[in-house]
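These protein sequence lines map, in sequence, to chains A and B.
Residues in the first sequence are numbered consecutively from 115, following the numbering used here.
Residues in the second sequence are numbered consecutively from 3, following the numbering used here.
Don't be surprised by glycine CBs; every beta carbon is placed ideally from N, CA and C.
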Amino acid sequence: MAYSNDRKYTKDHEWIKVSGDSGTIGITDYAQHALGDVVFVELPKVGARLAASQSLGTVESVKAVSEIYSPVSGEVTEVNVSLANSPETINQDPHGAAWLIKVRLSNPAELGNLMDAAAYQAYVADKEKEATA
Amino acid sequence: MIAPTTTIELRKTALNATHRQMGAKMVNFGGWDMPVEYPAGLLQEHLAVRTGVGIFDVSHMGDIRVHGPDALAAVQHISMNDASRLAIGQAHYSALLYPQGTFVDDVIVHRLAESDFLLVINAGTREKDFYWVRDNVKGFACKAEDVGDHYTQLAIQGPRAMDLLARLTDANLPAIKNYWFTHATVCGLKQVLIARTGYTGEDGFEIYVPSDPTTSEMVWSRVLQAGAEFGIKPCGLGARNTLRLEAKMALYGHEISENITVLEAGLERYCKFEKGEFIGRSALERQKATGITRTLVGLEMQERGIARDGYNVLDSAGRETGYVTSGSYAPYLKRNIALAYVPPDFAALGTTLAVEIRGQAAKALVVSTPFYKRPKRAA
Numbered sequence: 115m116a117y118s119n120d121r122k123y124t125k126d127h128e129w130i131k132v133s134g135d136s137g138t139i140g141i142t143d144y145a146q147h148a149l150g151d152v153v154f155v156e157l158p159k160v161g162a163r164l165a166a167s168q169s170l171g172t173v174e175s176v177k178a179v180s181e182i183y184s185p186v187s188g189e190v191t192e193v194n195v196s197l198a199n200s201p202e203t204i205n206q207d208p209h210g211a212a213w214l215i216k217v218r219l220s221n222p223a224e225l226g227n228l229m230d231a232a233a234y235q236a237y238v239a240d241k242e243k244e245a246t247a
Numbered sequence: 003m004i005a006p007t008t009t010i011e012l013r014k015t016a017l018n019a020t021h022r023q024m025g026a027k028m029v030n031f032g033g034w035d036m037p038v039e040y041p042a043g044l045l046q047e048h049l050a051v052r053t054g055v056g057i058f059d060v061s062h063m064g065d066i067r068v069h070g071p072d073a074l075a076a077v078q079h080i081s082m083n084d085a086s087r088l089a090i091g092q093a094h095y096s097a098l099l100y101p102q103g104t105f106v107d108d109v110i111v112h113r114l115a116e117s118d119f120l121l122v123i124n125a126g127t128r129e130k131d132f133y134w135v136r137d138n139v140k141g142f143a144c145k146a147e148d149v150g151d152h153y154t155q156l157a158i159q160g161p162r163a164m165d166l167l168a169r170l171t172d173a174n175l176p177a178i179k180n181y182w183f184t185h186a187t188v189c190g191l192k193q194v195l196i197a198r199t200g201y202t203g204e205d206g207f208e209i210y211v212p213s214d215p216t217t218s219e220m221v222w223s224r225v226l227q228a229g230a231e232f233g234i235k236p237c238g239l240g241a242r243n244t245l246r247l248e249a250k251m252a253l254y255g256h257e258i259s260e261n262i263t264v265l266e267a268g269l270e271r272y273c274k275f276e277k278g279e280f281i282g283r284s285a286l287e288r289q290k291a292t293g294i295t296r297t298l299v300g301l302e303m304q305e306r307g308i309a310r311d312g313y314n315v316l317d318s319a320g321r322e323t324g325y326v327t328s329g330s331y332a333p334y335l336k337r338n339i340a341l342a343y344v345p346p347d348f349a350a351l352g353t354t355l356a357v358e359i360r361g362q363a364a365k366a367l368v369v370s371t372p373f374y375k376r377p378k379r380a381a
């Protein structure tokens, strides 16, 4: 799929879309596909403080548990509570309806460490090549 | 979530290229490059088997033939069930045991002829099992042969499995009772072994066709074509695992292993002490007298969280009391279930325990098993 340039991406396959000092975080299409059918999501509480690369929760498919890491430092301002009852949204719309949390960025400079769409696209293309080698 | 790359050459079934063409996600399972799920996904595959039909390539399973004048005595010596009670054309669940009463492997024993048996064994233990069988039947006038590479083994499973297979064979399928088998023509191939067995908790058949790729691909695609009207799905090892877990069927390396005894695993009903001597018998008789210190129970999660293999089980005071052998979201039951070893004191139905999930205790209830039992259908 084509990754959009309206957001940044991590090597652990999270995305973050920033507007002002607020960032919306989710997992990428590549990640949901690698996981398979998602059946459980565990997210932090509103008010929790996260450091960049710190675990913010887990997404579990039938087969696997995957830790989700925060792309940036900040305070959790909103949690997508609908995912608790419909975790399959993560497979259906990982870049849209299935956002995980919103954070208030405490260090926007960290965004500079993340990949843009073209870099992420190349990164996952490499991964896919490895997997079929 | 990325599988580590490996330099060890994985073994492939005759259908490997077919699975890849169909877009299956492949994993290393016991040294075999196997499909874990196809593009439809594990949940759809699981539900297809519960409500319609699914097909699995299980050619990675091993097969050992034991034949010769003393074959029955040899099989009686190396396995715990009573093979003398098998009619020709009948099969049963059994196990190969170490002298300590623990598992070399579990096995389906088929009686092909009076003195000819086919043992179907697990993929990850093929070599170990074969050498163990060969060594332990040495004193008997019979031969143990590794015939695992002779067959492509396909499991056709689900309430519509018989309707589907009936279109491809001249066998009288309704006449094959559960855990019986026959030989008949399938997809034009003569003398194909058709067994009413499986590992899903559902009705179904396992067929053994010649393992060359052309034949294997022909049968695979004809089953998919014939199954289209029943909504057939090709199914991977992911669904195979969740299906067997709902049905509480043991998996080697999880519920059974070289460290777990038959009595602990709750498989005594397949262990026939009255038949006479077999490897592991005296250790099991001793354990029967002294009692077991752990037993396998079914758990259903009461709080949010999925118990996974290896997680600790806690008692109501938070003390570590056991461990999970298999745990998953159950796709048909839509609950989070697990199998676990706990001391017998905690095994009563309705006992509240907890599973430690990432440092948090999540409540779980001891429930009756199997978690799923297929509905009785009108004949």
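What's the C-alpha gap between residue i and residue j?
{"i": "residue 352 of chain B", "j": "residue 341 of chain B", "result": "15 Å"}
{"i": "residue 202 of chain A", "j": "residue 302 of chain B", "result": "21 Å"}
{"i": "residue 286 of chain B", "j": "residue 98 of chain B", "result": "13 Å"}
{"i": "residue 183 of chain A", "j": "residue 107 of chain B", "result": "40 Å"}
{"i": "residue 330 of chain B", "j": "residue 164 of chain A", "result": "29 Å"}
{"i": "residue 349 of chain B", "j": "residue 324 of chain B", "result": "11 Å"}
{"i": "residue 119 of chain B", "j": "residue 149 of chain B", "result": "12 Å"}
{"i": "residue 364 of chain B", "j": "residue 327 of chain B", "result": "17 Å"}
{"i": "residue 162 of chain A", "j": "residue 185 of chain A", "result": "15 Å"}
{"i": "residue 335 of chain B", "j": "residue 377 of chain B", "result": "13 Å"}
{"i": "residue 73 of chain B", "j": "residue 115 of chain A", "result": "59 Å"}
{"i": "residue 164 of chain B", "j": "residue 207 of chain B", "result": "8 Å"}
{"i": "residue 173 of chain B", "j": "residue 167 of chain B", "result": "9 Å"}
{"i": "residue 381 of chain B", "j": "residue 69 of chain B", "result": "Residue placement at residue 381 of chain B cannot be trusted, given a pLDDT of 46 that sits under 50; what the coordinates show is reported in the next sentence. When rounded, the distance between both Cα atoms is 36 Å."}
{"i": "residue 39 of chain B", "j": "residue 63 of chain B", "result": "18 Å"}
{"i": "residue 141 of chain B", "j": "residue 320 of chain B", "result": "52 Å"}
{"i": "residue 269 of chain B", "j": "residue 279 of chain B", "result": "18 Å"}
{"i": "residue 234 of chain B", "j": "residue 66 of chain B", "result": "30 Å"}
{"i": "residue 198 of chain A", "j": "residue 138 of chain B", "result": "54 Å"}
{"i": "residue 223 of chain B", "j": "residue 42 of chain B", "result": "17 Å"}
Tell me which same chain residues have a C-beta within less than 6 Å of the C-beta of residue i, skipping the five on either side of it?
{"i": "residue 162 of chain B", "result": "54, 55 and 232"}
{"i": "residue 218 of chain B", "result": "16, 17 and 154"}
{"i": "residue 60 of chain B", "result": "155 and 157"}
{"i": "residue 359 of chain B", "result": "307"}
{"i": "residue 339 of chain B", "result": "302, 332 and 373"}
Please work out which residues of its chain come closer than 7 Å, Cβ to Cβ, to residue i, disregarding the five sequence neighbours upstream and downstream, and give them in chain order.
{"i": "residue 176 of chain A", "result": "150, 151 and 153"}
{"i": "residue 151 of chain B", "result": "213"}
{"i": "residue 294 of chain B", "result": "265, 266 and 346"}
{"i": "residue 143 of chain B", "result": "70, 71 and 72"}
Near residue i, what residues of its chain come up, given a Cβ to Cβ distance below 8 Å and the 5 sequence neighbours on each side ignored?
{"i": "residue 290 of chain B", "result": "265"}
{"i": "residue 257 of chain B", "result": "267, 298, 327, 328 and 341"}
{"i": "residue 93 of chain B", "result": "110, 111, 112, 113, 181, 182, 183, 197 and 199"}
{"i": "residue 194 of chain A", "result": "157, 212, 213, 214 and 215"}
{"i": "residue 215 of chain B", "result": "16, 17 and 19"}
So, under 8 Å CB-CB, residue i and residue j are touching, yes? Tell me the CB distance rounded to an integer number of Å.
{"i": "residue 104 of chain B", "j": "residue 261 of chain B", "result": "6 Å"}
{"i": "residue 174 of chain A", "j": "residue 308 of chain B", "result": "6 Å"}
{"i": "residue 155 of chain A", "j": "residue 215 of chain A", "result": "With a Cβ gap of about 11 Å, residue 155 of chain A and residue 215 of chain A do not count as contacting."}
{"i": "residue 244 of chain B", "j": "residue 44 of chain B", "result": "7 Å"}
How would you write the range of the beta strand (DSSP E) that residue i sits in, first residue to last?
{"i": "residue 359 of chain B", "result": "354-359"}
{"i": "residue 15 of chain B", "result": "Per DSSP, residue 15 of chain B belongs to no beta strand (DSSP E) and is neither H nor E."}
{"i": "residue 266 of chain A", "result": "Outside the displayed span of chain A (115 to 247) sits residue 266 of chain A, for which this structure offers no information."}
{"i": "residue 124 of chain A", "result": "Note, residue 124 of chain A: premise wrong, no beta strand (DSSP E); not H, not E."}
{"i": "residue 136 of chain A", "result": "136-141"}
{"i": "residue 146 of chain B", "result": "145-148"}
Can you find a heavy atom of the ligand COA that lies under 8 Å from the Cβ of residue i?
{"i": "residue 172 of chain B", "result": "The model on display carries no ligand, and the ligand COA is accordingly not part of it."}
Just to confirm the assignment, what range does the alpha helix (DSSP H) spanning residue i have?
{"i": "residue 177 of chain A", "result": "Residue 177 of chain A -> no alpha helix (DSSP H), and no H or E assigned at all."}
{"i": "residue 366 of chain B", "result": "Careful: residue 366 of chain B lies outside any alpha helix (DSSP H), inside the beta strand (DSSP E) at 362-369."}
{"i": "residue 79 of chain B", "result": "73-80"}
{"i": "residue 133 of chain B", "result": "128-138"}
{"i": "residue 206 of chain A", "result": "203-206"}
{"i": "residue 172 of chain B", "result": "Run containing residue 172 of chain B: none; DSSP gives neither H nor E here."}
{"i": "residue 165 of chain B", "result": "163-168"}
{"i": "residue 47 of chain B", "result": "44-53"}
{"i": "residue 326 of chain B", "result": "Unbroken run through residue 326 of chain B is the beta strand (DSSP E), 322-332; no alpha helix (DSSP H)."}
{"i": "residue 304 of chain B", "result": "Neither: residue 304 of chain B is in no alpha helix (DSSP H) and is coded neither H nor E."}
{"i": "residue 216 of chain B", "result": "215-229"}
Legend entry - Cβ contact check for the stretch 241-249 of chain B and the stretch 195-212 of chain B: 3 or more pairs under 8 Å: yes
Inset, instruction - Could you say if the stretch 263-277 of chain B and the stretch 112-120 of chain B meet the contact criterion of at least three C-beta pairs nearer than 8 Å? - result: no
Inset, instruction - Spell out a yes or no on whether the stretch 129-148 of chain A and the stretch 217-226 of chain A are touching, meaning 3 or more CB-CB pairs, one atom from each, closer than 8 Å. - result: yes
Inset, instruction - Take every Cβ of the stretch 171-180 of chain B, pair it with every Cβ of the stretch 73-86 of chain B, and state whether three or more of those distances are shorter than 8 Å. - result: Counting Cβ pairs under 8 Å, fewer than three are found: no touch.
Inset, instruction - Indicate whether the contact test is met: 3 or more Cβ pairs, each with one atom in the stretch 229-240 of chain A and one in the stretch 30-44 of chain B, closer than 8 Å. - result: no
Inset, instruction - Report the residues of the stretch 136-163 of chain A with a CB closer than 8 Å to any CB of chain C, ordered along the chain. - result: Protein chains A and B are contained in the structure displayed, whereas chain C is not.
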